[in-house]
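Q: Have a look at this one.
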Amino acid sequence: PRKIIIDTDPGQDDAAAIMLALGSPQDLDVLGITTVAGNVPLSLTSRNARIVLEFCGRPDVKVFAGAERPIARPLITAEHVHGQTGLDGPELHEPEMPLQDKHAVDFIVETLLREPAGTVTLCTLGPLTNIALALEKAPEIGPRVRELVMMGGGFFEGGNITPAAEFNIYVDPEAAAAVLAAGIPTVMMPLDVTHKVLTLKRRVAPLKAIGSRPATALVEMLDFFERFDVEKYGSDGGPLHDPTVIAYLLKPELFSGRDCNVEVETRSPLTAGMTVVDWWRVTGRRHNARVMRDIDADGFFALLAERVARL
Ligand code: BDR
Ligand code: CA
């Protein structure tokens, strides 16, 4: 199985991504979960990651807490989307499993230096602070990363936290810019993809039918999570952003996109965190990301239900 580190700020859709990964042990070996401040502050994302693992009966997966705030800005959170806990929906228990003492950045650096070069994939589901700090601390890890698959950005679709910016990039644009400049083979799942992954009733029905503890918790999370988008965008179901990252590793044929240049705006107050994607290749700038634009959403939900049923 492919070795991955999941860097995350759970988040209901982050939880779905973690479940999709843990339900796929023949394909993915989760070396650890690193948490970052994002949807809610770090203490809550670190708590939520452990709650999700316990829902899955996997307290053996280690959780490492990382950055408490973005590199150069105050933290912006999204309780208006995710609720006060960050994981509103199911009844949440106090996690029993411990948080590791090691800092997430040290775990990322040590793991990449220990494992053979080109074997570890980074899956980022939140602001890119931990990855940028790891690259700053140990630049030699960059060439050792097999691939970095991120949920973040948006181009033709626009933004979801400002008209120009997607949340994960907006929270820490300096980190995103540093990661995109690092020369790591990078895949980007922007809002252009994730806004097609709507939790329509017929798509969620197979998840509801599973009836296990993790599946039921996930359905309760999605019920809460979609409320925001259904009200805001008037769609039948909300977008499930983060599990697209894991789905890409399991079934890349569900997606289509192209290699192009992506730069992040860090200076303008109006467009901070905007991902400027050169989709039409009108610049000669280096292709630094494989940017996805389309997804077979029904195929994605079938995969999610199949793997969550294995938990
Ligand atoms: C991203 O922001 C968070 O609210 C979600 O978990 C996802 O990672 C979507 O913009
Ligand atoms: Ca997230």
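Just so you know, we're using the numbering used here here: the sequence shown kicks off at 8 and counts up by one.
Backbone N, C-alpha and C fix where the C-beta goes; we use that ideal spot for every residue, glycine too.
Only a predicted model underlies this, so the values are computations on that prediction, with no experimental measurement involved.
Where in the stretch 120 to 154 do unbroken runs of the beta strand (DSSP E), each at least 3 residues long, occur, reported from the N-terminal end onward?
A: Whole beta strand (DSSP E) segments, 3+ residues: 127 to 131.
Q: Pairs of beta-carbons, one from the stretch 159 to 170 and one from the stretch 271 to 285, closer than 8 Å: are there three or more?
A: Judged by Cβ distances under 8 Å, the stretch 159 to 170 makes contact with the stretch 271 to 285, as three or more pairs qualify.
Q: Throw me the rounded Cβ distance for the T118 and V127 pair, which I believe falls under 8 Å.
A: Correct: roughly 6 Å between the Cβ atoms.
Q: Name, in chain order, the residues that DSSP records as bridge partners for C267.
A: For C267, which the question treats as bridged, DSSP gives the partners A296.
Q: Taking M26 as the reference, which of V47, V68 and A44 has the closest Cα?
A: That would be V68, whose Cα lies nearest to the Cα of M26.
Q: Suppose you measure from the CA of V315 to the CA of F62; what does that come to, to the nearest Å?
A: The alpha-carbon atoms of V315 and F62 are separated by roughly 12 Å.
Q: Assuming the contact rule is C-beta atoms closer than 8 Å, V252 and M157 should be a hit. Round their C-beta distance to whole Å, please.
A: Between M157 and V252 the Cβ distance is about 7 Å, and since that is below 8 Å, they are a contact.
Q: Please determine whether the Cβ atom of G18 lies at a distance below 6 Å from any heavy atom of ligand 2.
A: G18: yes, Cβ under 6 Å from ligand 2.
Q: Should the stretch 299 to 309 be regarded as contacting the stretch 203 to 213, the criterion being three or more beta carbon pairs within less than 8 Å?
A: Contact holds: three or more Cβ-Cβ distances are below 8 Å.
Q: Less than 7 Å between the beta carbons of G160 and G190, yes or no?
A: Against a cut-off of 7 Å, the Cβ pair of G190 and G160 comes out as no contact.
Q: To the nearest angstrom, how far is the alpha carbon of H100 from that of V269?
A: Spanning the two alpha carbons is a distance of roughly 41 Å.
Q: Suppose contacts are defined by Cβ-Cβ distances below 7 Å. Is A141 in contact with I176 by that definition?
A: No, the pair does not count as a contact, with Cβ atoms beyond the cut-off.
Q: Where DSSP assigns a beta bridge to G39, which residues make up the other side?
A: Answer is I12, bridged to G39.
Q: Candidates D243, L29, E164 and M228: which alpha carbon is nearest H89's?
A: The shortest C-alpha separation from H89 is found at M228.
Q: Where V59 and I83 are concerned, what is the direct C-alpha to C-alpha distance, given to the nearest angstrom?
A: Each residue's alpha carbon lies about 23 Å from the other.
Q: Taking Cβ positions, are A182 and A216 nearer each other than 7 Å?
A: It is not a contact, given that the beta carbons lie outside the stated cut-off.
Q: Please indicate yes or no: does the CB of H110 lie closer than 6 Å to some heavy atom of ligand 1?
A: Not under cutoff, so the answer is no.
Q: For G291, count neighbouring C-beta atoms within 10 Å of its own C-beta (all shown protein chains included) and say buried if the count is 16 or more, exposed if not.
A: Exposed: under 16 other Cβ atoms inside 10 Å.
Q: Any heavy atom of ligand 1 inside 6 Å of the beta-carbon of H87?
A: No, since every heavy atom of ligand 1 falls outside the 6 Å radius drawn around the Cβ of H87.
Q: Confirm the yes/no value for this check: CB of G133, any heavy atom of ligand 2, distance under 6 Å.
A: Result yes, Cβ under 6 Å from ligand 2.
Q: Taking DSSP as the reference, what is the three-state secondary structure of L106?
A: Correct three-state label for L106: coil.
Q: Identify which residue in V70, V298 and N46 has its Cα closest to the Cα of E86.
A: It is N46.
Q: Strictly by DSSP, which residues pair up with I302?
A: Paired residue(s): F262.
Q: Return the residue from the list D249, R234 and E313 that minimises the CA-CA distance to D243.
A: The option with the nearest alpha carbon to D243 is R234.
Q: May I ask you to report which of helix, strand or coil DSSP gives L29?
A: Looking at L29 - three-state DSSP - the assignment turns out to be helix.
Q: Does L99 come out as helix, strand or coil in the three-state DSSP assignment?
A: Three-state result, L99: coil.
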